[in-house]
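Participant:
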Ligand SMILES: [Zn+2]
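Residue numbers (the working numbering): 6 to 464.
And the structure:
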């Protein structure tokens, strides 16, 4: 007897889109085809897309230490409601940050009882913690993350950016683990001092923030990191690239034989400088949102297949940190809350608009990010893989309200946006964890995912 069967859906597999049924047994996909056997549970997916659950490779959860920003319970519920079944959690903005094996194991234990979706954890590279790199790899880190831009917090235990020396030493240590180093690539000196110039001239509006982080600060940092990685043999991943020019630098290095990958985020593909001026502080992030021209260039690189993943960079904060009482955008927390709507908005702007086909869409939202971080059996609807599934109704539309959001702080740059599709059900390892109108499964069942170092044969 089959445990569950999803009938009549349009299934997006790695090789094509098929109108078929999908059977689930013991949490795995058991069969795809015209299935007639009995099942304990039959889910009718008529008119719906059956997608691999999103693998969001860039999420900030602030627990422990800042659970009032976002904790594993609220963050993972929001992601589940949006059709995400696995997340890779950044090592910063929790307090203390995840930069030792002891903290790594402590964070893992917290998430294990509280996350509704499966999760992998980054370890952090910060000044002086090279000796902690190998132990964190051993503890199961998905990869490592470092900041080339200034993180700006003086709180004890908070995450600090690396200078070129620490980056170089860190790359040497990480190269030995075989894991990827993911970089926030922006030139720290340039961004800091360009911002000082703006503030010195009393320019503290949205345009001043845009002017303080021009595309060249990203491109320069990408080029420098690529060169250092080449010297050390360290595998790289660039998070949240915001310019086509930076993606082309990565692509050129790939063609020259370097093991380097990159992601962009939903907000760089959907929001630009014009939107930033309309939305205000809720749309402040770094790198900053780009002009429509730079955004169009980034889209071309995505369409060309030069980007490995589209992530949310869900970076939550309490509402008061996203307010701007002194009319100084530089004092506002930089980060966009958006993980709950990654899949539906991206489907809307990518597939519905005709920019990408469904194969490209699932590659960017699921298969690509799963491959990057060695999440075996994730991100693909194929027999034998984990039955991690999102049902998406391409014919429903809704306008996002704050009351729809499950974040700890129900704020988002996307509130008020009309979205022309809707996630109706999310299934994790065969079990429905969210259903539109019914809500969440009672108990969180998310599991820790280790980087299983996907080999060439698995790709
Ligand atoms: Zn981030």
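Note that the Cβ used here is the ideal one computed from N, Cα and C, for glycine as well.
Would you report the Cα separation of residue 346 and residue 282, rounded to the nearest angstrom?
Facilitator: Locating residue 346 in the chain shown gives position 341, counting from the first residue. Locating residue 282 in the chain shown gives position 277, counting from the first residue. Rounded to the nearest angstrom, the two C-alpha atoms are 21 Å apart.
Participant: For my contact list, residue 153 and residue 190 are in at a C-beta cut-off of 8 Å; report their separation, rounded to the angstrom.
Facilitator: Reading the chain shown from its first residue, position 148 is the one you call residue 153. Reading the chain shown from its first residue, position 185 is the one you call residue 190. Going by Cβ atoms, the distance from residue 153 to residue 190 rounds to 5 Å, so yes, they are a contact pair.
Participant: Taking the beta strand (DSSP E) that residue 186 belongs to, which residues open and close that run?
Facilitator: Here residue 186 corresponds to residue number 181 of the chain shown, with the count starting at 1. Run containing residue 186: 185-189, per the beta strand (DSSP E) assignment.
Participant: Going by alpha carbons, who is nearest to residue 93 out of 78, 217, 317, 250?
Facilitator: For the purposes of this step, residue 93 is taken as the residue at position 88 of the chain shown. Per the Cα distances, 317.
Participant: Straight-line CA distance for residue 342 to residue 438?
Facilitator: By one-based count along the chain shown, residue 342 stands at place 337. By one-based count along the chain shown, residue 438 stands at place 433. About 22 Å.
Participant: Using a Cβ-Cβ cut-off of 7 Å (strictly less than) and excluding sequence neighbours within five positions of residue 188, which residues of its own chain qualify?
Facilitator: Indexing the chain shown from 1 puts residue 188 at position 183. Result list for residue 188: 151, 153, 230, 241, 243, 244, in chain order.
Participant: Distance check for residue 442 and residue 37, CA to CA, integer angstroms please.
Facilitator: Taking the first residue of the chain shown as position 1, residue 37 is located at position 32. Taking the first residue of the chain shown as position 1, residue 442 is located at position 437. Their Cα atoms are separated by approximately 27 Å.
Participant: The beta strand (DSSP E) spanning residue 28 covers which residue range?
Facilitator: Counting from 1 along the chain shown, the entry for residue 28 is found at position 23. Bounds of the beta strand (DSSP E) holding residue 28 are 22-30.
Participant: Inspect the beta-carbon positions of residue 417 and residue 287 and report whether they are closer than 9 Å.
Facilitator: The residue given as residue 417 occupies position 412 in the chain shown. The residue given as residue 287 occupies position 282 in the chain shown. In this structure, residue 287 lies closer than 9 Å to residue 417 by Cβ.
Participant: With a 10 Å radius around its C-beta and 16 neighbouring C-beta atoms as the bar for buried, classify residue 64 as buried or exposed.
Facilitator: Here residue 64 refers to the residue found at position 59 when the chain shown is read from its first residue. Residue 64 should be labelled buried.
Participant: Could you pull out every residue in the same chain whose Cβ sits closer than 7 Å to the Cβ of residue 4, ignoring the five residues on either side in sequence?
Facilitator: Given a span of 6 to 464 for the chain in the structure shown, any question on residue 4 remains unanswerable.
Participant: DSSP three-state call for residue 244: helix, strand or coil?
Facilitator: If you number the chain shown from 1, residue 244 lands on position 239. Residue 244 falls in the coil class under three-state DSSP.
Participant: Could you pull out every unbroken alpha helix (DSSP H) segment of at least 4 residues lying fully inside the stretch 259-301, listed in chain order?
Facilitator: 271-275, 278-284
Participant: Going along the chain, which residues put their C-beta within less than 6 Å of some heavy atom in ligand 1?
Facilitator: 63, 65, 95, 318, 320
Participant: Could you tell me the alpha carbon to alpha carbon distance between residue 363 and residue 252, rounded to whole angstroms?
Facilitator: Translated into positions along the chain shown, residue 363 becomes position 358. Translated into positions along the chain shown, residue 252 becomes position 247. Those two C-alpha atoms are separated by around 22 Å.
Participant: Taking only the alpha-carbon atoms, compute the straight-line gap between residue 108 and residue 98 and give it to the nearest angstrom.
Facilitator: On the chain shown, residue 108 is found 103 positions in, with the first residue counted as 1. On the chain shown, residue 98 is found 93 positions in, with the first residue counted as 1. Each residue's alpha carbon lies about 13 Å from the other.
Participant: What is the rounded straight-line gap between the Cα of residue 311 and the Cα of residue 263?
Facilitator: Reading the chain shown from its first residue, position 306 is the one you call residue 311. Reading the chain shown from its first residue, position 258 is the one you call residue 263. In a straight line, the C-alpha of residue 311 is about 14 Å away from that of residue 263.
Participant: Closer than 7 Å by C-beta to residue 176: which residues in its own chain qualify, once you throw out the five before and the five after it? Chain order, please.
Facilitator: Translated into the one-based positions of the chain shown, residue 176 becomes position 171. Closer than 7 Å at Cβ, skipping near neighbours: 186, 233, 234, 237, 239.
Participant: Using only CA atoms, which one of 268, 156, 195 lies nearest to residue 369?
Facilitator: Taking the chain shown and counting its residues from 1, the one referred to as residue 369 is at position 364. Checked all of 268, 156, 195; the closest Cα to residue 369 is 268.
Participant: Do you know whose CA, among 457, 284, 358, 449, lies nearest residue 425's CA?
Facilitator: Along the chain shown, one-based indexing puts residue 425 at 420. The option with the nearest alpha carbon to residue 425 is 358.
Participant: Using C-beta distances below 6 Å, list every residue in its chain close to residue 34, excluding the 5 sequence neighbours before and after it, in chain order.
Facilitator: Residue 34 sits at position 29 when you count from the first residue of the chain shown. Residues 388, 390, 392 of the same chain have their beta carbon placed closer than 6 Å to that of residue 34, with the five preceding and five following residues left out of the count.
Participant: Going by the beta-carbon positions, is the gap between residue 386 and residue 56 smaller than 9 Å?
Facilitator: Your numbering for residue 386 matches position 381 in the chain shown. Your numbering for residue 56 matches position 51 in the chain shown. Against a cut-off of 9 Å, the Cβ pair of residue 56 and residue 386 comes out as a contact.
Participant: According to DSSP, is residue 373 part of a helix, a strand, or is it coil?
Facilitator: To locate residue 373, count along the chain shown from 1; it is residue 368. Reduced to three states, the DSSP call for residue 373 is helix.
Participant: Report the start-end ranges of each beta strand (DSSP E) in the stretch 90-170 that is 3 residues or longer and not cut off at the edges.
Facilitator: 123-126, 149-152
Participant: Note down the Cα distance separating residue 465 from residue 371, rounded to an integer number of angstroms.
Facilitator: The requested residue 465 does not occur in the structure, where the chain is confined to residues 6 to 464.
Participant: According to DSSP, is residue 444 part of a helix, a strand, or is it coil?
Facilitator: Locating residue 444 in the chain shown gives position 439, where the first residue counts as 1. Residue 444: strand per DSSP, three-state reduction.
Participant: Touch check for the stretch 329-336 and the stretch 194-211: three-plus C-beta pairs under 8 Å?
Facilitator: Touching, per the Cβ criterion.
Participant: Please tell me whether residue 69 and residue 122 are closer than 9 Å, where the distance is taken between their beta carbons.
Facilitator: As a working mapping, residue 69 is identified with position 64 in the chain shown. As a working mapping, residue 122 is identified with position 117 in the chain shown. Result no, Cβ atoms of residue 69 and residue 122 do not sit closer than 9 Å.
Participant: With DSSP collapsed to three states, give me the class of residue 78.
Facilitator: For the purposes of this step, residue 78 is taken as residue 73 along the chain shown, with counting starting at 1. Residue 78 falls in the helix class under three-state DSSP.
Participant: When DSSP builds the beta bridges, which residues end up paired with residue 59?
Facilitator: Indexing the chain shown from 1 puts residue 59 at position 54. 89.
Participant: In this structure, does DSSP put residue 453 in helix, strand or coil?
Facilitator: Numbered from 1 along the chain shown, position 448 holds the residue referred to as residue 453. Three-state result, residue 453: strand.
Participant: Return the first residue and the last residue of the alpha helix (DSSP H) that residue 195 is part of.
Facilitator: As a working mapping, residue 195 is identified with position 190 in the chain shown. Where residue 195 is concerned, the enclosing alpha helix (DSSP H) stretches over 193-205.
Participant: Considering only their Cβ atoms, is the gap separating residue 216 from residue 195 smaller than 9 Å?
Facilitator: Here residue 195 refers to the residue found at position 190 when the chain shown is read from its first residue. Here residue 216 refers to the residue found at position 211 when the chain shown is read from its first residue. No, they are not a contact pair.
Participant: Quick one: what does DSSP say residue 227 is sitting in, helix, strand or coil?
Facilitator: Mapped onto the chain shown, residue 227 falls at position 222. Residue 227 falls in the helix class under three-state DSSP.
Participant: Under DSSP, the beta strand (DSSP E) around residue 397 begins and ends at which residues?
Facilitator: On the chain shown, residue 397 is found 392 positions in, with the first residue counted as 1. DSSP places residue 397 in the uninterrupted beta strand (DSSP E) bounded by 394-398.
Participant: Note down the Cα distance separating residue 464 from residue 403, rounded to an integer number of angstroms.
Facilitator: Residue numbering aside, residue 464 sits at position 459 when the chain shown is read from its first letter. Residue numbering aside, residue 403 sits at position 398 when the chain shown is read from its first letter. Only weak support exists for where residue 464 lies, its pLDDT of 37 falling under 50; the value from the coordinates is given anyway. So the alpha carbons of these two residues sit roughly 37 Å apart.
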